[in-house]
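Novice:
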Amino acid sequence: MLQLHDGQCGLCVHFGEQHPHDTKLVQIRSSHKAPETLVDNCAHPKHAPLHLKVTPSSGCDGFEPVRAD
Ligand code: SF4
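In this text, residue positions in the sequence shown follow our numbering: the first is 320, and each later residue adds one.
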């Protein structure tokens, strides 16, 4: 498992934004831990048209923190 920190995709509102209530995402947000192999869509308005896929440990300046609930 990866330990996540602020600024990384796994804790960003745009990571898997199309399915925010996915159990896996909810667990990542509450535990700040994510499986190494997970990949999901980034729905940031600048990335979505490119269908960018990121891992929970990726990141960019478009980071916006997601609420843990
Ligand atoms: S690439 Fe940037 S905007 Fe997209 S999920 Fe990661 S931190 Fe958020």
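For every residue, glycine included, the Cβ atom is placed at its ideal position computed from N, Cα and C. All values derive from a computational prediction rather than experimental measurement.
Contact check, Gln327 vs Lys352 under 8 Å by CB: the rounded distance?
Specialist: About 11 Å separates the two Cβ atoms, so there is no contact after all.
Novice: Taking just the CA atoms, how far does Lys372 sit from Glu336?
Specialist: If you take the alpha carbons of Glu336 and Lys372, they lie about 12 Å apart.
Novice: Return the chain-ordered list of same chain residues with a C-beta closer than 7 Å to the C-beta of Asp341, the five sequence neighbours on each side being excluded.
Specialist: Gly335.
Novice: Going by DSSP in three states, Leu330 sits in which element: helix, strand or coil?
Specialist: Reduced to three states, the DSSP call for Leu330 is helix.
Novice: Could you tell me whether any non-hydrogen atom of ligand 1 is closer than 7 Å to the CB of Val373?
Specialist: Indeed, a heavy atom of ligand 1 lies less than 7 Å from the Cβ.
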